[in-house]
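A short write-up of the structure that comes next.
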Amino acid sequence: MKILLRTTTGQGITLEGQLDTADLPEDLGNRIEKILRPRRLSAVAQAPVRRSMADMQHYELTLLPKSSRGKPRKFEFSDAAAGDDLVELLDELTHEITLQKVRALSKG
Amino acid sequence: MDKFGVGDFHPIQCILPPHMVDAIKKRGDESQRKMAEQIEKLDAAIRVEREAAAPAGAFRGVPSMRRGLTAQVKREVYDGKTKVSLPGDMARREGDPPVADAAVNEAYDAAGDVFNLYYDNWRRNSLDGNGLTFVKTVHHRKNFNNAFWNGSQMAYGDGDGIIFKGFTVLSVVGHELSHGVVQFSGGLEYRDQAGALNESFADVFGALSEQYKHKQSPADASWLIGAGILGPDIQGAALRSMKAPGTAYNDPVLGQDPQPFHMDLYVNTSSDNGGVHINSGIPNHAFYLLAQYLGGYAWEKAGKIWYDTMQAINNPFATFRDWADKTVEISRTIYGVGSIEMTMTRRAWKLVGIAV
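Each protein sequence line maps, in turn, to chains A and B.
Residue 49 in numbering that gives the first Met the number 0 sits at position 50 of the first sequence, with consecutive numbering throughout.
Residue 61 in numbering that gives the first Met the number 0 sits at position 62 of the second sequence, with consecutive numbering throughout.
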């Protein structure tokens, strides 16, 4: 499973990258498959957010199709609307993207 | 026909900023003009409905404490233990001595400094004007590169050690607590220009918290938000610069600080709630210019004008122009027609592209 994740922190910093479960530790890959279900993400994306919140982290998450005939599915939501397990997973994936960037820079 | 009696609306029509609606009304064909009029009608209807649904005085500010009364800060700092749930385990209550955890102490001390800024200068008793306890959680989530206000408490991550190394510095604590001040002063919608004003107010009073604590003049202050929190290899000084928006960082991982300092560079985007952390650079810079023009300490005059504007604006959908108009009106009320303060407030806005 491949995903695109764009995380905008509440301080206005944006990080984005592509992750493939095949390249990640097995446990993390399994959690991605289990938690990032379109139905759940769709519900999170439609959940109302408390208006008084400020500086919440925002996500644009795209599930890429497994075959060339499929279509990507994109979901946008803030961590105010996501459950604990989803938030924890997104923190890990955002960190993974940061590490990817750092590794790429050190190689370059 | 919907309940506002204006027919079906495509969602995109509802996010058109007022200046675009005006332009369509002036230059569009008949059907476009009709659409623009419907948008205005809908916007007005929504505003009326929201104001009717809100408690009396919901969009009004907080009155200053009466003379003769005194108040004291009340703080509770929790250890989130890198978990998602809030608030976590109690780490330090009001009056407790310092603990071994530096983040707990920094958050505790900074909250006291922010309380002092608002109380000493504008006799505001905490965020709600009524002695609300500052509830704060440190060590929130793992590798969490953020700090936020959730409507009832603040939460601070430790950073991932690569991009950020913590968020409990005074300018960030002042920023987050000032979101609470905005909320209890009538609020500003967290979207588009009103959202950028909300962000800017938080930055202004985050910067003033630091300046007030160290008794810094506008010339001596850094005007940086989040100085010292970036990771060791990140090329940058802070999250934002009020003195020179767009120059806080320029780094291969983070990209370049996207903040504009002038309306000509205003960023139209749907990301970041309509660029609330981006376009806040414009009112931030206006405040910086005003503080420089007026001299003295920034909280004395410029800060008072901004604080009183927040208490008086009574408009959660305020645009930059609405805010700028109100600051000029407030400066006239406090310092008089034609005063140097009023003239310089106008000039500061003009230099960022907003003529008032």
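By construction, the Cβ of each residue, glycine as well, lies at the ideal position given by its N, Cα and C atoms.
Computed from a prediction, not measured in an experiment: that's the story for all the values here.
Give the DSSP bridge partners of A/Y58, in chain order. Per DSSP, the beta-bridge partners of A/Y58 are A/T6, A/F76.
Determine, using beta-carbon pairs with one atom in the segment 307-322 of chain B and one in the segment 250-261 of chain B, whether at least three such pairs fall under 8 Å. In short, these stretches do not touch, since the Cβ pair count stays below three.
So, using beta-carbon positions, are B/R346 and B/V327 closer together than 8 Å? No; because the gap between Cβ atoms is not below 8 Å, this pair is not in contact.
Please list the partners that B/A146 has in chain A, where partner means a Cβ-to-Cβ separation under 8 Å. Correct list: G9, Q10, D54.
Neighbouring residues, chain B, relative to A/K100 (Cβ below 8 Å): Proximity of chain B to A/K100 at the Cβ level (cut-off 8 Å) is accounted for by P251, V252, in chain order.
Nearest-angstrom Cα separation, counted from A/T20 out to B/V363: The first residue shown for chain B is 0 and the last is 355, placing residue 363 of chain B beyond what the model contains.
Cβ shell of B/D88 (< 7 Å), same chain only, five flanking positions each side left out: Around B/D88, the same chain offers Y77, D78, K80 as residues with beta carbons nearer than 7 Å, after the five sequence neighbours per side are excluded.
Which bits of chain A does B/F260 rub up against, with CB to CB less than 7 Å? Those within 7 Å of B/F260 in chain A number zero; the least Cβ separation is about 15 Å.
What are the start and end residues of the beta strand (DSSP E) that includes A/D110? In this structure chain A extends from 0 to 107, so residue 110 of chain A is not present and cannot be described.
Measure the Cβ-Cβ separation of B/F319 and B/L196 and say whether it is below 8 Å. Judged by beta-carbon spacing, B/L196 lies within the 8 Å limit of B/F319, meaning their Cβ atoms are closer than that value.
Start-to-end residues for the beta strand (DSSP E) that takes in B/M89: Per DSSP, B/M89 is one residue of the beta strand (DSSP E) stretching across 88-92.
Confirm, please, whether the CB-CB distance from A/L85 to A/V43 is below 8 Å. Against a cut-off of 8 Å, the Cβ pair of A/L85 and A/V43 comes out as a contact.
List, in chain order, every chain B residue whose beta-carbon is nearer than 9 Å to that of A/T97. Per Cβ cutoff of 9 Å: N142, N144, D159, I161, I162, V252.
From what residue to what residue does the alpha helix (DSSP H) around B/V181 run? Looking at the DSSP string, the run of the alpha helix (DSSP H) that includes B/V181 is 169-182.
Could you confirm whether any beta carbon from chain A is found closer than 8 Å to the beta carbon of B/H139? The beta carbon of B/H139 does not come within 8 Å of any beta carbon belonging to chain A, so the residue lies off that interface.
Could you give the DSSP three-state label for A/L35: helix, strand or coil? If DSSP states are grouped into helix, strand and coil, A/L35 belongs with coil.
Identify the continuous beta strand (DSSP E) that holds B/F133 and give its terminal residues. Its beta strand (DSSP E) spans residues 133-137.
What number of angstroms, rounded off, separates the C-alpha of B/Y265 from the C-alpha of B/A237? Each residue's alpha carbon lies about 21 Å from the other.
What residues in the segment 105-130 of chain B bring their beta carbon closer than 8 Å to a beta carbon of chain A? Along the segment 105-130 of chain B, none of the residues has a CB nearer than 8 Å to a CB of chain A.
Opening and closing residue of the alpha helix (DSSP H) in which B/M153 lies: That residue, B/M153, is in no alpha helix (DSSP H); its beta strand (DSSP E) goes 153-155.
Are A/G11 and A/Q56 closer than 8 Å when you measure CB to CB? No.
Looking at the structure shown, is B/Y296 part of a helix, part of a strand, or coil, going by DSSP? The answer is coil: DSSP assigns B/Y296 none of H, G, I, E or B.
CA nearest to the CA of B/V103, picked from B/V83, B/N120, B/F166, B/T69: Per the Cα distances, B/F166.
When you compare only the Cα positions, how much space is there between B/H261 and B/P244? Each residue's CA atom was taken as its position, placing B/H261 and B/P244 some 9 Å apart.
Which residue spans inside the segment 231-301 of chain B form an unbroken alpha helix (DSSP H) run of at least 4? Entirely contained in the segment 231-301 of chain B, the alpha helix (DSSP H) runs reaching 4 residues are, in chain order, 270-274, 280-293.
Spatial distance of A/G107 from B/L293 (CA atoms): A/G107 and B/L293: Cα-Cα distance of roughly 49 Å.
If we cut at 8 Å on Cβ distances, does A/D83 have a partner in chain B? Judged by the 8 Å Cβ criterion, A/D83 is in contact with chain B.
Any C-beta of chain B sitting closer than 8 Å to the C-beta of A/D90? The C-beta of A/D90 comes closer than 8 Å to at least one C-beta of chain B.
Can you find the residues in the same chain that come closer than 6 Å, C-beta to C-beta, to B/A354, ignoring five residues on each side of it along the sequence? Beyond the five residues adjoining it in sequence on each side, B/A354 comes within less than 6 Å, by CB distance, of no other residue in the same chain.
According to a CB-to-CB cut-off of less than 9 Å, which residues of the segment 167-189 of chain B neighbour chain A? Listed in chain order, the positions of the segment 167-189 of chain B with a beta carbon within less than 9 Å of a beta carbon of chain A are V171, H174, E175, H178, G179, V181, Q182, G186, E188, Y189.
Residues in its own chain within less than 8 Å of B/I277 by CB, not counting five upstream and five downstream? Same-chain partners within the cutoff: A195, P257, Q258, P259, V266, T268, D271.
Could you round the C-beta distance between B/G302 and B/N120 to whole angstroms and report it? I think they count as a contact, below 8 Å. Indeed they touch by this definition, with Cβ atoms about 7 Å apart.
Reduced DSSP secondary structure (H/G/I, E/B, other) of B/W222: Coil at B/W222, not helix or strand.
Indicate whether at least one CB of chain A lies closer than 8 Å to the CB of B/E48. For B/E48, the pLDDT reaches just 46, beneath the cut-off of 50, and the residue's location in the model is therefore unreliable, leaving the point undetermined.
So, for A/A46: in the same chain, excluding its five sequence neighbours on each side, which residues have a beta-carbon less than 8 Å away from its beta-carbon? So the qualifying residues of the chain are F76, A80.
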